[in-house]
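Residue numbers (the working numbering): -14 to 156.
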């Protein structure tokens, strides 16, 4: 019936907007140091990790513990998402790819990062949440390192180490 098709399309549009709002809320919660709001964006069994294996968090409790410390160590931050895609697996499951940037005050230095998030989303209690969020970095370095470091494949200057960026080299 045509009405069913239209209703399904409207639901998909609403779901896409809800997932876009979820991504934006993630950035707002980090920058606002809203730990409870941040943690609420994830399913109970969520996984959050860096592609290179430096960090992996399993479940909301682990995410909350990690970001309690992480938020305390930040100065001013500004995270902003760019382009994003969403593919629906079912009515309550979707995957996505989001690109973004972050400007972060870390240990008194301005750190810039380009990030590619590979996401799995799940609808829980009528709201979309992150079931999995994997971060891959195109670069992560102090602003002062950017002019020379940008052209190097060791574009992640993370916790005193210079390591390869995850993309585009390893995509």
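We treat Cβ as the ideally placed atom computed from N, Cα and C, and that holds for glycine. From a predicted model like this one, the values you see are computed outputs, not experimental measurements.
- DSSP, read as helix, strand or coil, puts residue 144 in coil.
- Around residue 89, the same chain offers 62 and 96 as residues with beta carbons nearer than 6 angstroms, after the five sequence neighbours per side are excluded.
- Burial state of residue 109 is exposed, judged by a 10 Å Cβ sphere holding fewer than 16 other Cβ atoms.
- The distance from the Cβ of residue 98 to that of residue 59 is about 13 angstroms, inconsistent with a contact at the 8 angstroms cut-off.
- Beta-carbon to beta-carbon, residue 81 and residue 65 are separated by about 16 angstroms, too far to satisfy the 8 angstroms threshold.
- Burial state of residue 8 is buried, judged by a 10 Å Cβ sphere holding 16 or more other Cβ atoms.
- Beta-bridge partners assigned by DSSP to residue 94: 91.
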